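Step one of this worksheet: look at the structure below.
Number of protein chains: 4
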Amino acid sequence: MQQFDAVDPDFESRVRAGFQRQQFMSTLGAHMTKVTAGEVHIEIRFNPAWTQQHEFVHGGVITSIVDSACGFAAFTLMPAGSEVLTVEYKINFLAPARGDRFVGIGLVVKPGRTLTVCSGEVLAYQNGDERLIATMQTTMMMIAR
Amino acid sequence: MQQFDAVDPDFESRVRAGFQRQQFMSTLGAHMTKVTAGEVHIEIRFNPAWTQQHEFVHGGVITSIVDSACGFAAFTLMPAGSEVLTVEYKINFLAPARGDRFVGIGLVVKPGRTLTVCSGEVLAYQNGDERLIATMQTTMMMIAR
Amino acid sequence: MQQFDAVDPDFESRVRAGFQRQQFMSTLGAHMTKVTAGEVHIEIRFNPAWTQQHEFVHGGVITSIVDSACGFAAFTLMPAGSEVLTVEYKINFLAPARGDRFVGIGLVVKPGRTLTVCSGEVLAYQNGDERLIATMQTTMMMIAR
Amino acid sequence: MQQFDAVDPDFESRVRAGFQRQQFMSTLGAHMTKVTAGEVHIEIRFNPAWTQQHEFVHGGVITSIVDSACGFAAFTLMPAGSEVLTVEYKINFLAPARGDRFVGIGLVVKPGRTLTVCSGEVLAYQNGDERLIATMQTTMMMIAR
Numbered sequence: 004m005q006q007f008d009a010v011d012p013d014f015e016s017r018v019r020a021g022f023q024r025q026q027f028m029s030t031l032g033a034h035m036t037k038v039t040a041g042e043v044h045i046e047i048r049f050n051p052a053w054t055q056q057h058e059f060v061h062g063g064v065i066t067s068i069v070d071s072a073c074g075f076a077a078f079t080l081m082p083a084g085s086e087v088l089t090v091e092y093k094i095n096f097l098a099p100a101r102g103d104r105f106v107g108i109g110l111v112v113k114p115g116r117t118l119t120v121c122s123g124e125v126l127a128y129q130n131g132d133e134r135l136i137a138t139m140q141t142t143m144m145m146i147a148r
Numbered sequence: 004m005q006q007f008d009a010v011d012p013d014f015e016s017r018v019r020a021g022f023q024r025q026q027f028m029s030t031l032g033a034h035m036t037k038v039t040a041g042e043v044h045i046e047i048r049f050n051p052a053w054t055q056q057h058e059f060v061h062g063g064v065i066t067s068i069v070d071s072a073c074g075f076a077a078f079t080l081m082p083a084g085s086e087v088l089t090v091e092y093k094i095n096f097l098a099p100a101r102g103d104r105f106v107g108i109g110l111v112v113k114p115g116r117t118l119t120v121c122s123g124e125v126l127a128y129q130n131g132d133e134r135l136i137a138t139m140q141t142t143m144m145m146i147a148r
Numbered sequence: 004m005q006q007f008d009a010v011d012p013d014f015e016s017r018v019r020a021g022f023q024r025q026q027f028m029s030t031l032g033a034h035m036t037k038v039t040a041g042e043v044h045i046e047i048r049f050n051p052a053w054t055q056q057h058e059f060v061h062g063g064v065i066t067s068i069v070d071s072a073c074g075f076a077a078f079t080l081m082p083a084g085s086e087v088l089t090v091e092y093k094i095n096f097l098a099p100a101r102g103d104r105f106v107g108i109g110l111v112v113k114p115g116r117t118l119t120v121c122s123g124e125v126l127a128y129q130n131g132d133e134r135l136i137a138t139m140q141t142t143m144m145m146i147a148r
Numbered sequence: 004m005q006q007f008d009a010v011d012p013d014f015e016s017r018v019r020a021g022f023q024r025q026q027f028m029s030t031l032g033a034h035m036t037k038v039t040a041g042e043v044h045i046e047i048r049f050n051p052a053w054t055q056q057h058e059f060v061h062g063g064v065i066t067s068i069v070d071s072a073c074g075f076a077a078f079t080l081m082p083a084g085s086e087v088l089t090v091e092y093k094i095n096f097l098a099p100a101r102g103d104r105f106v107g108i109g110l111v112v113k114p115g116r117t118l119t120v121c122s123g124e125v126l127a128y129q130n131g132d133e134r135l136i137a138t139m140q141t142t143m144m145m146i147a148r
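Residue numbers (the numbering used here), protein chains in the order written: chain A, 4 to 148; chain B, 4 to 148; chain C, 4 to 148; chain D, 4 to 148.
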């Protein structure tokens, strides 16, 4: 794991404020459980409202939490007054999204002036067992306001 | 656009039944507005509950409808008694998800015995204007029950 | 297919000059067989030197021609004096790269000030038959010199 | 890093034999410098014949070594008598491919009966400095002969 220095000392409050403004995250009941320079975790609990036809959580919901985690991980390293947007991502689903609780982890791989590349993982927890269920590679973009 | 022949003459009712069982699609208020051999459309209306920090629809929601559209497009060409799952996808966001209504379009590019490759698009409609806001490339897998 | 207007009337000579400077393309014996605003074709002939263990052309060579085709397709729409670089791509291999001749086709999907999204295809030709063997989705970036 | 057990005790000789049959790897002067269960390294030296217009190594060549490294990493965990093929990959280019020597590293993330997901990295070496220049996420498929 790489170590990064945030240029904005107040990055955590800036990132948490951005997360609060994502209504979809609050609709999902998501919590931001970790915010450090270059790493963000976002967590949801199982809810039948988010499921697909096999009663696992829909891949789009799993994608949503790790997309937000990666976006905010990139955002931790951006200057105050900037905005972040998702250019693109690719996700592989490794196992069914079965569990009580799901954690999307976003990690910066390479920060850049305009583009930041992140990798993401989603872990599922069931009865105390942890399982890697998805892995993401994504490109985020800084927008100067 | 390629033409495909479905091996299952009842593919439409099978696909629509699968869609009905995706609780997340009903949570989103999604409708399946087209089902033909190799092509499926899924539509949602704007709802502030699905938005991100800039008040556009969250990328994960946009991804969800086109993921489902691609999965069901692949499923139209699979035999009765099979199941479909998403192996992976990659999506590029081309414009902000601003609009009254969003249509995810899934198209089969190459059906296969085990794997089917699809391409997806998401169109946003606002005051009658249509705009391409996302494009997806994805691999779906057939599971024989 | 979308129509695009090139801002640089001399885009074709600029693009062809860039292609001439890609030594790897000349190592592969590649030809640029089409250059229009938003679309570029690059063609190679079969050569056992480019094969993998099953005697088909290596996926990395197939990727190389369609990566260059997409990059130059994006470059047709960029202003004189700019440079293009590949941010990222995703490619699906649909069929073995078996044939006498392979054509990588790059098409602009969405041009942008900084980022341009393209889609690519690779066609294989054998005894007059044409087959789609790969499909790409990619993000290109303009660098102002 | 995960630890994997290879089902085939002779995986190394099987993997090295597969690599020997990839004529494109020998055209590139590539060497397989590491083969363990779930991890393979493939190395090339700089050669102007592989360059693009800015005199860096072409992205397609960088992709080729890490594609092969990932494919053979997946292959280390497959049974004797099987074959491996690349379903798809996504690669981000993080820095120009400038250097004397380039190492493609393939790592298994999740092995499966049919599909294996790998992650790849490419390191560039110049005057003793090491730099991460590309990161890949890929799906490989086992073919039973």
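From the three backbone atoms N, C-alpha and C, an ideal C-beta is built for every residue, glycine too.
Keep in mind it's a predicted model, so treat the numbers as computed, not measured.
- Contacts with chain B at 7 Å (Cβ-Cβ) do not include Phe59 of chain A.
- Going by DSSP, Asp70 of chain B is part of the alpha helix (DSSP H) stretching over 62-79.
- Legend: CB atoms of the stretch 80-113 of chain D lying less than 7 Å from CB atoms of chain A belong to residues Lys93, Asn95, Leu97, Val112, Lys113.
- Proximity of chain D to Thr142 of chain A at the Cβ level (cut-off 8 Å) is accounted for by Asn95, in chain order.
- For Ala137 of chain A, the three-state secondary structure derived from DSSP is strand.
- For Glu124 of chain B, the enclosing beta strand (DSSP E) stretches over residues 118-129.
- In this structure, Ala147 of chain B and Ser67 of chain B do not form a Cβ contact; the two beta carbons are roughly 26 Å apart against a cut-off of 8 Å.
- Gln56 of chain B has its alpha-carbon roughly 6 Å from the corresponding atom of Gly21 of chain A.
- For the stretch 116-134 of chain C, the beta-carbon criterion of a distance under 8 Å to any beta-carbon of chain B is satisfied by Val120, Ser122.
- Counting along the chain, Arg101 of chain D sits inside no alpha helix (DSSP H), nor does DSSP assign it H or E at all.
- In terms of Cα proximity to Val90 of chain A, the closest of B:Met145, B:Gly62, B:Trp53 is B:Gly62.
- Cβ-Cβ distances below 7 Å link Thr54 of chain A to Val60, His61 in the same chain, with the five nearest sequence neighbours on each side left out; the list follows chain order.
- Around Thr138 of chain A, the beta-carbon contacts reaching into chain D at under 9 Å are Val112, Lys113, Val120, Ser122, Gln140.
- For Thr36 of chain D, there is no enclosing alpha helix (DSSP H); the residue is part of the beta strand (DSSP E) that begins and ends at 34-39.
- When Cβ-Cβ separations below 7 Å define contact, Gln6 of chain B makes no contact with chain A.
- Any Cβ of chain A closer than 7 Å to the Cβ of Pro51 of chain B would place that residue at the interface, and such an atom is present.
- Restricting attention to C:Gln5, C:Glu124, C:His34, C:Asp8, the CA atom closest to the CA of Lys93 of chain C is found in C:Glu124.
- According to DSSP, residue pairing for Val10 of chain B in a beta bridge does not occur.
- Burial check for Arg17 of chain C: the Cβ neighbour count within 10 Å reaches 16 or more, so the residue is buried.
- In the DSSP assignment, Gly109 of chain A forms a beta bridge with A:Val43, A:Gly123.
- Ala83 of chain C sits in coil when the DSSP states are folded into three classes, being neither helix nor strand.
- Taken atom to atom, the span from the alpha-carbon of Gln26 of chain D to that of Thr30 of chain C is near 15 Å.
- Taking the Cα of Ala77 of chain B as reference, the smallest distance to any Cα among B:Val87, B:Ala33, B:Phe96 is reached at B:Val87.
- Its chain contains His44, Glu46, Leu126 as the residues whose beta carbon lies nearer than 6 Å to that of Val106 of chain A, once the 5 sequence neighbours on both sides are disregarded; these appear in chain order.
- Taking every protein chain shown into account, the CB of Gly32 of chain B has fewer than 16 other CB atoms within 10 angstroms, so this residue is exposed.
- Contact between Leu97 of chain A and Leu135 of chain A is confirmed by a C-beta separation of about 6 Å, below the 8 Å threshold.
- At a cut-off of 7 Å, the C-beta of Gly41 of chain D has no neighbouring C-beta in chain C.
- When Cβ-Cβ separations below 7 Å define contact, Phe27 of chain D makes contact with chain C.
- Within the same chain, and ignoring the five residues on either side of Phe7 of chain A in sequence, the residues whose Cβ sits closer than 7 Å to its Cβ are Ala40, Gly41, Leu80, Val111, Pro114.
- Met28 of chain C sits in a helix when the DSSP states are folded into three classes.
- In terms of Cα proximity to Gln5 of chain A, the closest of A:Cys121, A:Phe14, A:Arg116 is A:Cys121.
- Taking a 10 Å sphere around the C-beta of Thr142 of chain B, we find 16 or more other C-beta atoms and assign the residue as buried.
- In the DSSP secondary-structure assignment, Met4 of chain C is not bridged to any residue.
- Neighbours of Val10 of chain D in chain C, taken as residues whose beta carbon is under 7 Å from its own, are absent, since the nearest beta carbon is some 20 Å off.
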